[in-house]
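Residue numbers (this note's numbering): -2 to 156.
Glycine included, C-beta positions come from ideal geometry on N, C-alpha and C.
Only one structure is covered here, and it is reproduced in the block below.
This is the structure we're talking about:
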């Protein structure tokens, strides 16, 4: 499920949780919360709650709530339509496997350390469980002294 769809689902379930809380329906609250964690993910819920606390996302009882949710649904529909349009094109070139873009589940070939990026720390994908699943597929770490100046390990491994 795309992130935007998870966000929308989380917001819908957060509204259910609020209603259940206001009516002292503990069972309904817990059920909505469990569904939200299961369907959208706990990390999505935490991020949305943070957005609500700083005023970036309206609370379910705010007058702008329904418009905010409707805008997100319209954006998701537009993105889905655009994705479907791209999928329907037969004349498009296949995606280049070596496009240089990192994909989840692949080693990012970093130096195995956390560095400061423009939006905050960038952590080694393999170290946090988003990179290579097996150690032998991980190529992170510093370049050995005897290989400085040679092509990167990724380039050498494809030769």
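Going by DSSP, what residue range makes up the alpha helix (DSSP H) through residue i?
i	result
residue 45	39 to 50
Return the CA-CA distance between residue i and residue j, expressed in angstroms with no decimal places.
i	j	result
residue 24	residue 120	39 Å
residue 18	residue 11	10 Å
residue 158	residue 74	One cannot answer for residue 158 here, as it falls past the ends of the chain, which runs -2 to 156.
residue 32	residue 47	19 Å
residue 15	residue 80	33 Å
residue 100	residue 135	13 Å
residue 43	residue 137	30 Å
residue 64	residue 57	11 Å
residue 9	residue 77	19 Å
residue 20	residue -2	31 Å
residue 13	residue 102	35 Å
residue 45	residue 117	19 Å
residue 27	residue 52	25 Å
residue 62	residue 50	14 Å
residue 104	residue 113	19 Å
residue 128	residue 111	14 Å
residue 122	residue 30	29 Å
residue 37	residue 0	8 Å
residue 107	residue 60	46 Å
residue 55	residue 41	15 Å
residue 124	residue 34	24 Å
residue 22	residue 39	21 Å
Could you tell me if the beta carbon of residue i falls within a distance shorter than 7 Å of some heavy atom in the ligand HEM?
i	result
residue 11	Absence of the ligand HEM from the depicted structure is noted, as is the absence of any ligand whatsoever, leaving it without description.
Three-pair Cβ contact test at 8 Å for the region 63 to 73 versus the region 2 to 10: In this structure the region 63 to 73 touches the region 2 to 10; the number of beta carbon pairs closer than 8 Å is three or more.
Which ranges would you report for the alpha helix (DSSP H) in the region 1 to 39 if only whole runs of at least 4 residues count? DSSP runs (the alpha helix (DSSP H)) wholly in the region 1 to 39: 23 to 37.
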